[in-house]
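**Q** Here the protein sequences come in this chain order: A and B.
For the first sequence, our numbering assigns the number 206 to the initial residue and increments by one for each residue that follows.
For the second sequence, our numbering assigns the number 21 to the initial residue and increments by one for each residue that follows.
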Amino acid sequence: MKKSTKILTVILSALLLIASFGAAAVGALSYVNVNKLAASLEMISQTSETTKVSVKTVGEDLDELSAVVEDVKTKLSVGEDVAQENDVCIANDYWIRDTSAVSDAYKSGSSEGLDDRQKETLKMASDLLDKLIKKNMTSYDKEKAVYEWLTNNINSELGMLTVIPTSSESSDEPFGVLKYKSAVCVGYATTFRLLMQMLGMECMVVHDTSLTHSWDLVKLDDEWYHVDCYFDSDCAYRHFNLDDAAFEQDHDWNKDFFPKAKGKKYSYALQNAVQLDDICSLPELVMDKVKANESVFACILKDIGKDDEALAVYMVNRIEEIINSGSDEISFDHYWAEGEGQYTLCMFVTRISDTIEDVIDEETLETAEEALEKAFGDLYSPSDLYDDDHVLRVG
Amino acid sequence: MKKFVILLITVLASAFVLGCGGEPSAPEITEEPVQTQITEEPTQSMFDLAETLRAAHNGKTELSYASSSDDDPESELAYVCDIDYGKVKDFLMLFAADGSKSADEIVVIVLKDQADVKTAVDMLRTHVEKRKALYDAYEPALAKALNKAEVFSEGRCAVLIVSENAYDVRNAFMESIG
Numbered sequence: 206m207k208k209s210t211k212i213l214t215v216i217l218s219a220l221l222l223i224a225s226f227g228a229a230a231v232g233a234l235s236y237v238n239v240n241k242l243a244a245s246l247e248m249i250s251q252t253s254e255t256t257k258v259s260v261k262t263v264g265e266d267l268d269e270l271s272a273v274v275e276d277v278k279t280k281l282s283v284g285e286d287v288a289q290e291n292d293v294c295i296a297n298d299y300w301i302r303d304t305s306a307v308s309d310a311y312k313s314g315s316s317e318g319l320d321d322r323q324k325e326t327l328k329m330a331s332d333l334l335d336k337l338i339k340k341n342m343t344s345y346d347k348e349k350a351v352y353e354w355l356t357n358n359i360n361s362e363l364g365m366l367t368v369i370p371t372s373s374e375s376s377d378e379p380f381g382v383l384k385y386k387s388a389v390c391v392g393y394a395t396t397f398r399l400l401m402q403m404l405g406m407e408c409m410v411v412h413d414t415s416l417t418h419s420w421d422l423v424k425l426d427d428e429w430y431h432v433d434c435y436f437d438s439d440c441a442y443r444h445f446n447l448d449d450a451a452f453e454q455d456h457d458w459n460k461d462f463f464p465k466a467k468g469k470k471y472s473y474a475l476q477n478a479v480q481l482d483d484i485c486s487l488p489e490l491v492m493d494k495v496k497a498n499e500s501v502f503a504c505i506l507k508d509i510g511k512d513d514e515a516l517a518v519y520m521v522n523r524i525e526e527i528i529n530s531g532s533d534e535i536s537f538d539h540y541w542a543e544g545e546g547q548y549t550l551c552m553f554v555t556r557i558s559d560t561i562e563d564v565i566d567e568e569t570l571e572t573a574e575e576a577l578e579k580a581f582g583d584l585y586s587p588s589d590l591y592d593d594d595h596v597l598r599v600g
Numbered sequence: 021m022k023k024f025v026i027l028l029i030t031v032l033a034s035a036f037v038l039g040c041g042g043e044p045s046a047p048e049i050t051e052e053p054v055q056t057q058i059t060e061e062p063t064q065s066m067f068d069l070a071e072t073l074r075a076a077h078n079g080k081t082e083l084s085y086a087s088s089s090d091d092d093p094e095s096e097l098a099y100v101c102d103i104d105y106g107k108v109k110d111f112l113m114l115f116a117a118d119g120s121k122s123a124d125e126i127v128v129i130v131l132k133d134q135a136d137v138k139t140a141v142d143m144l145r146t147h148v149e150k151r152k153a154l155y156d157a158y159e160p161a162l163a164k165a166l167n168k169a170e171v172f173s174e175g176r177c178a179v180l181i182v183s184e185n186a187y188d189v190r191n192a193f194m195e196s197i198g
């Protein structure tokens, strides 16, 4: 690059940086020293004014000057929500980075230009897709296969909650996620996006406005859907293919920047919805689903009047109250989806910790109980947590 | 006449010299209040103070320890307070070793200049807000502990306490101030 071009680049970068933080231009400042420039840019950025900065480069190393501007830019992007997909820092420690170099290489069949780390990522991701993707799969089938693999095979990390985070290395990028099978939310989101984009599907990583969480938006049949693999690592399909209205229950993001998600067709809950004719049969339906170990289910209420609507709201709120106050093992939540002439009630059961049935099969459990009964005789009593069929008691 | 002039010059010069060095006590007087402020910091070492606070905290979860004695103290402190490290004299951090089990946290930052204490306190408050947002998203049950977080200043210290026994921890800290 010619020297004059470099000077222009540095000045433009500085102007761009300052302009993004304010409203009105208030004059010109001039710097002749790199350290002074860095300090001043940071100081100016803490005000809400736009300041024109001209940079005198006499005797200064232009590369160093460019590095200073980039460094200040990076620092400023930490802690402030920004209307962009990549180069966003989550929980002060994890970076959402562009992964298109790897997905482009997969699609073009050429890894030329990739560094070793990217090449290794490409190999791991390619091997995974070879295993997961079968002929004649639809886009939805492919998305579901990738989602299920990530939620079943990657361990979610909560090391980010420790004051000085303890998450394993690279758990925020596909390289570390695929290699070490451990991820923070950013790792799940960027890996899901990488695999979707390798399959030629549109996908974006979304971050929340408080910069504490990230997830994906994926496009199926021209409609966008939210997917949060991290949150679903202990409750499958709870956050799989939801629209904006459903996702707003527990997420907040910049809706002006990210595309609107209005799709319902591929919502996991809605796909399996059953018609409910009698609202008073709702508790029985919920219990049946809980006993059947189902996490996500929905029912459709058609042509209901105002009284029935009030009763339905009362009933589901009571169910939520009873389960959540009566059981330490599971929690229940729901949302209402409105459609043409009908309401759909989507319900979710989260298993807070593994139940005994998750780690010991029923037959072994029965054998263990028999051994206990045989040894302790009159002292023996069945476990309070399970009924005679070894099914978790609720409420 | 010539002798008189020389004598006069000598007397004036002597008076000038004496005058220049004749008021050495004035700066000492003005420094006295500053010396009073300097004493408002823990009298124990950071490690000993951490052990005192850990005992007062008496929590069920294991606490990790970081301090100004560590290899990269500037980076460690930046997780809770991003103040210019040149302004920090000492600090200690006690925090839940597993953040997914507990949000407990105790931070004491000793500033070199009292004028910087307010900045540090504001940064600790911001840190608490960010932690709340993080726990609200991932472990809402633990976020309640942060609603009771105590952030305050004492002398040249900025302090944060997130503990079930915050009252005892605060008392233990106050007793450590000389």
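Positions of the beta carbon are idealized from the N, C-alpha and C atoms, including for glycine.
What you are looking at is a predicted structure, and each value in this text was computed from that prediction instead of being measured.
Of all the residues that make up the segment 130-150 of chain B, which are near chain A by a beta-carbon distance shorter than 8 angstroms?
**A** Taking 8 angstroms as the Cβ-Cβ cut-off, the segment 130-150 of chain B approaches chain A at K150, given in chain order.
**Q** Comparing the C-beta of A:M403 with each C-beta of chain B, is any distance below 9 angstroms?
**A** no
**Q** With distance defined between alpha-carbon atoms, name the residue in A:G510, A:C551 and A:S331 nearest to A:V521.
**A** Restricting attention to A:G510, A:C551 and A:S331, the CA atom closest to the CA of A:V521 is found in A:C551.
**Q** Alpha carbon to alpha carbon, how far is A:A330 from A:L336? Give it in angstroms, no decimals.
**A** For the record, residue 336 of chain A in the displayed sequence is Lys; it is not Leu. If you take the alpha carbons of A:K336 and A:A330, they lie about 10 angstroms apart.
**Q** Going by beta carbon distance, what residues of the same chain come within less than 6 angstroms of A:F553, once the five residues before and after it are set aside?
**A** R443, V501 and D538
**Q** Which residue or residues does DSSP assign as beta-bridge partners of A:T549?
**A** A:I505 and A:A542
**Q** Contact defined as beta carbons within less than 8 angstroms: I believe A:A180 pairs with A:A474. What is the distance between those atoms, to the nearest angstrom?
**A** Since the first residue shown for chain A is 206 and the last is 600, residue 180 of chain A is missing from the structure and cannot be characterised.
**Q** What do you reckon, are the CB atoms on A:F408 and A:L355 nearer than 9 angstroms?
**A** It should be noted that the sequence gives Cys, not Phe, for residue 408 of chain A. No, they are not a contact pair.
**Q** Going by beta carbon distance, what residues of the same chain come within less than 8 angstroms of A:Q480, once the five residues before and after it are set aside?
**A** C504, I505 and K507
**Q** Which partner residues of B:C177 appear in the DSSP bridge assignment?
**A** B:V130 and B:E174
**Q** With the cut-off set at 9 angstroms, would you say B:S120 and B:K80 are in Cβ contact?
**A** no
**Q** Taking all protein chains shown into account, do 16 or more other C-beta atoms lie within 10 angstroms of the C-beta of B:D110, making it buried, or fewer, making it exposed?
**A** buried
**Q** Got a sec, what are the start and stop residues for the alpha helix (DSSP H) A:E453 sits in?
**A** It is not in any alpha helix (DSSP H) - A:E453 carries neither H nor E in the DSSP assignment.
**Q** Any C-beta of chain B sitting closer than 9 angstroms to the C-beta of A:T356?
**A** no
**Q** Give me the chain A residues within the contact set of B:M66, using Cβ-Cβ distance strictly less than 7 angstroms, ordered along the chain.
**A** Simply none; closest approach about 16 angstroms.
**Q** Return the CA-CA distance between A:K465 and B:N167, expressed in angstroms with no decimal places.
**A** 34 angstroms
**Q** A:I535 CB to nearest chain B CB: under 9 angstroms?
**A** no
**Q** Can you confirm whether B:S87, when its beta carbon is compared against all beta carbons of chain A, has any partner nearer than 9 angstroms?
**A** Judged by the 9 angstroms Cβ criterion, B:S87 is not in contact with chain A.
**Q** Would you list the residues sitting across from A:F445 in a DSSP beta bridge?
**A** A:V432
**Q** For the segment 386-419 of chain A, which residues have a beta carbon sitting closer than 9 angstroms to at least one beta carbon of chain B?
**A** C390, D413, S415, L416, T417 and H418
**Q** Going by C-alpha to C-alpha distance, which of B:M66, B:A98 and B:T139 sits closest to A:A296?
**A** B:A98
**Q** Chain A partners of B:D118, CB-CB under 9 angstroms?
**A** L363, G364, L366, T367 and T371
**Q** Which same chain residues, not among the five before or five after A:N529, have their C-beta less than 7 angstroms away from its C-beta?
**A** S536 and F537
**Q** Below 8 angstroms on the Cβ atoms is my contact criterion, and I expect A:S344 with A:M406 to pass it. Report the Cβ-Cβ distance as a whole number of Å.
**A** 6 angstroms
**Q** According to a CB-to-CB cut-off of less than 9 angstroms, which residues of the segment 287-317 of chain A neighbour chain B?
**A** The residues in question are A296, N297 and D298.
**Q** Name the chain A residues that come within less than 9 angstroms of B:L180, Cβ to Cβ?
**A** Within chain A, no C-beta atom comes less than 9 angstroms from the C-beta of B:L180; the nearest is roughly 10 angstroms away.
**Q** Touch check for the segment 123-142 of chain B and the segment 387-394 of chain A: three-plus C-beta pairs under 8 angstroms?
**A** no
**Q** Do we get a CB-CB distance below 9 angstroms when we pair B:V100 with the residues of chain A?
**A** yes
**Q** Leaving aside the five residues before and after A:K324 along the sequence, list all residues of the same chain whose C-beta is less than 7 angstroms from its C-beta, in chain order.
**A** S316
**Q** Report yes if the CB atom of B:E61 is closer than 9 angstroms to the CB atom of B:I197, and no otherwise.
**A** Their beta carbons are under 9 angstroms apart, which means B:E61 touches B:I197 by this criterion.
**Q** Compare the C-alpha of A:E534 against each of A:A573, A:K496, A:I509 and A:A542 and name the closest.
**A** A:K496
**Q** Less than 9 angstroms between the C-beta atoms of A:E348 and A:V423, yes or no?
**A** yes
**Q** Using 10 angstroms around the beta-carbon of A:E378, count the other beta-carbons present and answer buried if the total reaches 16, otherwise exposed.
**A** buried
**Q** Along the chain, where does the alpha helix (DSSP H) containing A:Y311 start, and where does it finish?
**A** From DSSP, the alpha helix (DSSP H) with A:Y311 extends over S305 to S313.
**Q** Closest Cβ-Cβ distance between B:A218 and chain A: below 9 angstroms?
**A** Given a span of 21 to 198 for chain B in the structure shown, any question on residue 218 of chain B remains unanswerable.
**Q** Would the segment 393-402 of chain A and the segment 181-198 of chain B be scored as touching if the rule is three or more Cβ pairs under 8 angstroms?
**A** no
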